[in-house]
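To keep things clear, I will list the structure first and then write my remarks on it.
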Amino acid sequence: MEPSFITGDNDLPASTMDGWEEDLLRRYPEGADSQQAGAFRNYEADARPCVREFYRLNHHKQTLQFAREKKADYLQFNRRRMTVWQALEFLNELVDDSDPDIDLPQIEHLLQTAEAIRADGHPRWFILVGLIHDLGKILCLFGEEQWAVVGDTFPLGCRFSEKVVFHEFFSGNPDREVSEYSTANGIYPEGCGLDQVTMSWGHDEYLYHAVKDRLPEPALYMIRYHSFYAAHREGEYGHLMNDRDREMFSWVRAFNPYDLYTKSEQRMDVAALRPFYEELINEYLPGEMAW
Ligand SMILES: [Fe+2]
Ligand SMILES: [Fe+2]
C-alpha cells in the first residue's frame, strides 16, 4: 500500500524509507566487525532491489548544486510553525497509510532511541537528540522524494569516497564530470572543517539548521552527521575535518548504536512517556518552531 504523499515517477514505496534504516543493520550488524575485508561488498551484492534503486537515485541526483538549492529553499524555514511534539505527530503521518504490521511509527523509533539513551544515564540533551534526530524526515511531507531525505550522507564538491555504500552509482552523478570536484579536497582547503563542507541534502542537515542555536555542540554533531557512515563508521574524509570535528565525532559514534540497535517490536506507550518528553522539549526547544 503506497501512502498518498509519495509522488514522482521514479520514487519508491514508503516502506523503503524504513527499509533504509533496516538495511543499515544488515550492513553494520550489532557486535560484528563490519570493517572485515569483503563484508561491505557482500552487503552490496545481497541488498534488496528497492535498496539498490534507492541508492542509484540518491547517488545520481545528489549534486553540489542540488544541495545548495535545497539549503537556500528549506533553510528559510517558511513552511510551517509547529512545536517539536506537533512535528513528531506530523512525522508520524509518514506511516499512517502503510501496513502497521511492517512499519513501526516514526515516533516509536524515536522514543525507543531516546529511552535507551535515558536508561544508560546520559545527559538530558543526549536523550533529546534520541527523540528528535529523525525529525528532519518531515521533508517527505513537504514533498521531497526519499533519496533527498534519507540514506547515507557524503560531502559534495570533492571526490566521492569509495567507502560510500554503492559507490559505483556515482558514475551517473553529473558532478563526476566537473574536474574541480574530482580531487580528494575538491573545492575545499585541506582540513577546513566539516562546517565548511556542503553535505548531500537530507534530514540530518535540515534538522541541524532548525535547532543549531539551541542545543549543545555534541548534540548538533550527532544530529548533523548521524547518516555520514563513510566518516563515523568507515573513517573516511578525515582530510576535510579539523581537530574540533575529530573530537566531536566521538559523540557521533557514541550516538550511532542507539540509532541502529534499539529498534524492537516492543511498542512504546507514547501517552505515558509524553509528559517526560514534553518537559525535556520545553527545556531546550520550547514553543513553536519554524520549519
Ligand atoms: Fe536518521
Ligand atoms: Fe534514526
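In this note's numbering, the protein residues as written are 7 to 297. Every residue, glycine too, gets a C-beta built ideally from N, C-alpha and C.
1. Please determine whether the Cβ atom of residue 223 lies at a distance below 7 angstroms from any heavy atom of ligand 2.
2. In the DSSP assignment, the alpha helix (DSSP H) including residue 251 goes from what residue to what residue?
3. Under the rule that 16 or more other beta-carbon atoms within 10 Å means buried, what is residue 31, buried or exposed?
4. Is there contact between the segment 167 to 179 and the segment 83 to 101, where contact requires at least three CB pairs shorter than 8 angstroms?
5. Is any heavy atom of ligand 1 found at a distance shorter than 7 angstroms from the C-beta of residue 167?
6. If contact is defined by three or more beta carbon pairs under 8 angstroms, each pair taking one atom from either stretch, is the segment 111 to 118 in contact with the segment 228 to 237?
7. For residue 274, which of helix, strand or coil comes out of DSSP?
8. Can you find a heavy atom of ligand 2 that lies under 7 angstroms from the Cβ of residue 128?
9. Any contact between the segment 65 to 72 and the segment 262 to 278? By contact I mean 3 or more CB pairs, one from each, below 8 angstroms.
10. Does the distance between the C-beta of residue 114 and the nearest non-hydrogen atom of ligand 2 fall short of 7 angstroms?
11. Just to confirm my understanding: we take residue 288, look at its own chain, exclude 5 residues before and 5 after, and list those with CB closer than 7 angstroms. What are they?
12. Between the C-alpha atoms of residue 128 and residue 257, what's the straight-line distance to the nearest angstrom?
13. On the DSSP bridge assignment, give the partners of residue 296 in chain order.
14. In terms of residues, what are the limits of the alpha helix (DSSP H) holding residue 131?
15. Can you tell which of 121, 99, 78, 57 has the C-alpha that lies nearest to the C-alpha of residue 279?
16. Per DSSP, which residues does residue 161 bridge with? Please list them.
17. Residue 152: buried (16+ other C-beta within 10 angstroms of its C-beta) or exposed?
18. Taking the alpha-carbon of residue 51 as reference, which of 191, 161, 173, 36 has the nearest alpha-carbon?
19. Alpha carbon to alpha carbon, how far is residue 260 from residue 189?
20. Is residue 168 helix, strand or coil when you go by DSSP?
21. Reducing DSSP to helix, strand and coil, say where residue 152 ends up.
22. Are residue 205 and residue 166 touching if we call contact CB-CB under 8 angstroms?
23. Would you call the CB atoms of residue 212 and residue 202 closer than 8 angstroms?
24. Can you tell me whether residue 28 sits near ligand 2, meaning its C-beta is under 7 angstroms from at least one heavy atom of the ligand?
25. Using only the heavy atoms of ligand 2, determine whether one of them is closer than 7 angstroms to the beta carbon of residue 298.
26. Could you check the C-alpha separation between residue 281 and residue 126 for me, to the nearest Å?
27. Just mark residue 38 as buried or exposed, buried being the case when its beta carbon has 16 or more other beta carbons within 10 Å.
28. Consult DSSP for residue 55 and reduce its assignment to one of helix, strand or coil.
This is what the structure holds:
1. Reading the sequence shown from its first residue, position 217 is the one you call residue 223. Not so, every heavy atom of ligand 2 lies at least 7 angstroms from the Cβ.
2. In the sequence shown, the residue the question calls residue 251 occupies position 245. Its alpha helix (DSSP H) spans residues 249 to 267.
3. Within the sequence shown, residue 31 is the residue found at index 25, counting from 1. It counts as exposed.
4. no
5. As a working note, residue 167 is residue 161 in the sequence shown. Answer for residue 167: no, Cβ out of range of ligand 1.
6. no
7. Position 268 of the sequence shown, counted from the start, is the residue given in the question as residue 274. If DSSP states are grouped into helix, strand and coil, residue 274 belongs with coil.
8. In the sequence shown, counting from the first residue as 1, residue 128 sits at position 122. Not so, every heavy atom of ligand 2 lies at least 7 angstroms from the Cβ.
9. no
10. Translated into the one-based positions of the sequence shown, residue 114 becomes position 108. False, no ligand heavy atom lies under 7 angstroms from that Cβ.
11. For the purposes of this step, residue 288 is taken as the residue at position 282 of the sequence shown. The answer is none, since no qualifying residue turns up.
12. Translated into positions along the sequence shown, residue 128 becomes position 122. Translated into positions along the sequence shown, residue 257 becomes position 251. Roughly 12 angstroms between the two C-alpha positions.
13. In the sequence shown, the residue the question calls residue 296 occupies position 290. BP columns for residue 296 point to 87.
14. Numbered from 1 along the sequence shown, position 125 holds the residue referred to as residue 131. From DSSP, the alpha helix (DSSP H) with residue 131 extends over 130 to 138.
15. Position 273 of the sequence shown, counted from the first residue, corresponds to residue 279. The option with the nearest alpha carbon to residue 279 is 121.
16. Translated into the one-based positions of the sequence shown, residue 161 becomes position 155. Partner(s): 205.
17. Locating residue 152 in the sequence shown gives position 146, counting from the first residue. The residue is buried, with at least 16 neighbouring Cβ atoms inside 10 Å.
18. On the sequence shown, residue 51 is found 45 positions in, with the first residue counted as 1. The shortest C-alpha separation from residue 51 is found at 173.
19. Along the sequence shown, read from residue 1 onward, the residue named residue 260 stands at position 254. Along the sequence shown, read from residue 1 onward, the residue named residue 189 stands at position 183. Their backbone Cα atoms lie some 31 angstroms apart in a straight line.
20. Start at 1 with the first residue of the sequence shown, and residue 168 comes out as number 162. In this structure, residue 168 counts as coil in the three-state DSSP scheme.
21. Here residue 152 is taken as the residue at index 146 of the sequence shown, counted from 1. Note: residue 152 maps to helix in three-state DSSP.
22. Stepping through the sequence shown from its first residue, residue 205 is reached at position 199. Stepping through the sequence shown from its first residue, residue 166 is reached at position 160. Cβ atoms of residue 205 and residue 166: not closer than 8 angstroms.
23. By one-based count along the sequence shown, residue 212 stands at place 206. By one-based count along the sequence shown, residue 202 stands at place 196. The answer is no: Cβ separation not under 8 angstroms.
24. Translated into the one-based positions of the sequence shown, residue 28 becomes position 22. Not so, every heavy atom of ligand 2 lies at least 7 angstroms from the Cβ.
25. Since the displayed the chain opens at 7 and closes at 297, residue 298 lies outside it and no answer follows.
26. Position 275 of the sequence shown holds residue 281. Position 120 of the sequence shown holds residue 126. Between residue 281 and residue 126, the C-alpha separation is close to 20 angstroms.
27. The residue you call residue 38 lines up with position 32 of the sequence shown. Exposed: under 16 other Cβ atoms inside 10 Å.
28. For this step, residue 55 is matched to residue 49 along the sequence shown. Correct three-state label for residue 55: helix.
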